[in-house]
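Let me begin by presenting the structure, written as structure tokens, before commenting on it.
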């Protein structure tokens, strides 16, 4: 209705170009970019600045300078890209003291007093040692190349299960199948004795299967607390309740003091802790951790290992992909080894790392023959 009134009141001749032309599309995009994308107030702010300015100039000097509106929008776009590429809204928000990225400290030290209590969000607990997840004959191929081939194993309640293997072994593909990002070509995944194969990732997450990612993907313009609230919204629709759940997750990992910072003010360890807090905010009873120790110093590795143990001790089972072998052997209760998409070994860490198939997967047959010659 407003568009019809605008067209008849302002335009002498209504044409497709005057209402739906390229300039109108460009104006809409520039308004959003100037104000700031990713927020409902950014486009409003951009429109409040750009529309009056361009219309005023067009009314006053448009007769002498035809096309002045295009010049205004083009110039505004160039200036924003040079001086405030995130948009005016985000630039103003960053000036607030609570949003400013403070100098990073050495890294948060997670509290070590006792386990992190699991929040089952109304689900019945699974007896310790009972099967929580059952992976049966899972296969997945990409253009004929088998990333996973007939992989089977179980995850027990109350344990830390490690998944190791050389690069390209199919570890992350396995996680993508487990949490529903990818559908297997064959086999199935059962969680809490329910078939979850084919369900959406959001539905699987609501059933209690959480996940973190190898590369921390934060929302750079949002605070640490708001980033963790993204996970909390899986359980809580009300922002206040999601905020409280997120604050609890941050406190559990020792990051509550950084709740009002933006991610650019965090150390690598802090980013890993934020990612873990976001996963815990979904209230899982099993969480998949994809290389949580990557990029950490020795002290950071020790901090994260202690935290993962506290998560397990509080009732959340853990499946962890990791390449830091000295940490994996100390941390996990069992190991599953993948090589070229196949499970080649499973068992206690001390036994698995001495398995010839595992040594061959990591170092190759030539090294294995050399080691046998040395033993002789």
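In our numbering, the protein residues as written are 5 to 380.
Cβ atoms here follow ideal geometry from the backbone N, Cα and C, with glycine treated the same way.
With 16 or more neighbouring CB atoms inside 10 Å of its own CB, residue 285 falls in the buried class. In the three-state scheme derived from DSSP, where H, G and I count as helix and E and B as strand, residue 363 is classed as helix.
Between residue 28 and residue 54, the C-beta gap is not smaller than 7 Å, which leaves the two residues out of contact. Here residue 317 carries a helix assignment [DSSP, helix/strand/coil]. For residue 90, there is no enclosing alpha helix (DSSP H), since its DSSP letter is neither H nor E. Distances from the alpha-carbon of residue 212 to those of 224, 46, 139, 321 put 321 closest. In the structure shown, residue 120 adopts coil according to DSSP, grouped into three states. Per DSSP, the unbroken alpha helix (DSSP H) holding residue 250 starts and ends at 243–257.
With respect to the 7 Å criterion, residue 140 and residue 192 are classified as neighbours on the basis of their beta carbons.
By the neighbour-count criterion, in which a residue is buried when 16 or more other Cβ atoms sit within 10 angstroms of its Cβ, residue 71 is exposed. The C-alpha of residue 361 is placed about 13 Å away from the C-alpha of residue 339. In the displayed model, residue 332 falls within a helix according to three-state DSSP. By alpha-carbon distance to residue 133, the top candidate from 161, 252, 218, 287 is 161. CA-to-CA, the gap between residue 99 and residue 225 works out to about 12 Å. Residue 226: not part of any alpha helix (DSSP H); DSSP gives it neither H nor E. A direct Cα-Cα distance of roughly 11 Å separates residue 179 from residue 187.
Looking at the DSSP output, residue 240 bridges to nothing. Inter-residue distance for residue 355 and residue 169 is about 15 Å (C-alpha atoms, whole angstroms).
Annotation for residue 144: 151, 152, 177, 181, 186, 188, 189 place their beta carbon closer than 7 Å to its own, counting only its chain and skipping 5 residues before and after. In the three-state reduction of the DSSP assignment, residue 265 falls in the coil class, being assigned neither a helical nor a strand state. Taken in chain order, the complete alpha helix (DSSP H) segments of 4 residues or longer contained in the stretch 174–227 are 175–182, 205–210. In the three-state reduction of the DSSP assignment, residue 350 falls in the strand class, which pools E and B. The straight-line gap separating the alpha-carbon atoms of residue 154 and residue 344 is approximately 11 Å. In this structure the stretch 276–292 touches the stretch 242–258; the number of beta carbon pairs closer than 8 Å is three or more.
Counting along the chain, no beta strand (DSSP E) covers residue 337, and no H or E run does either. Boundaries of the beta strand (DSSP E) harbouring residue 140: 135–146, taken from the DSSP string. Sorting 86, 238, 341 by C-alpha distance to the C-alpha of residue 353 places 341 at the top. In this structure, the straight-line span from the alpha carbon of residue 159 to that of residue 324 is close to 11 Å.
In the three-state DSSP reduction, residue 306 falls in the helix class (H, G or I). In its chain, beyond the 5 residues on either side, 246, 247, 250 have a beta carbon closer than 7 Å to the beta carbon of residue 233. Between residue 93 and residue 40, the C-beta gap is smaller than 7 Å, which places the two residues in contact.
Here DSSP, grouped into helix, strand and coil, assigns residue 58 to helix.
Secondary structure note for residue 152: its beta strand (DSSP E) is the uninterrupted segment 149–160. Under the three-state reduction of DSSP output, residue 274 falls in the helix class. Where residue 66 is concerned, there is no enclosing alpha helix (DSSP H), because DSSP gives it neither an H nor an E. Per DSSP, the continuous alpha helix (DSSP H) segment holding residue 34 begins and ends at 26–39.
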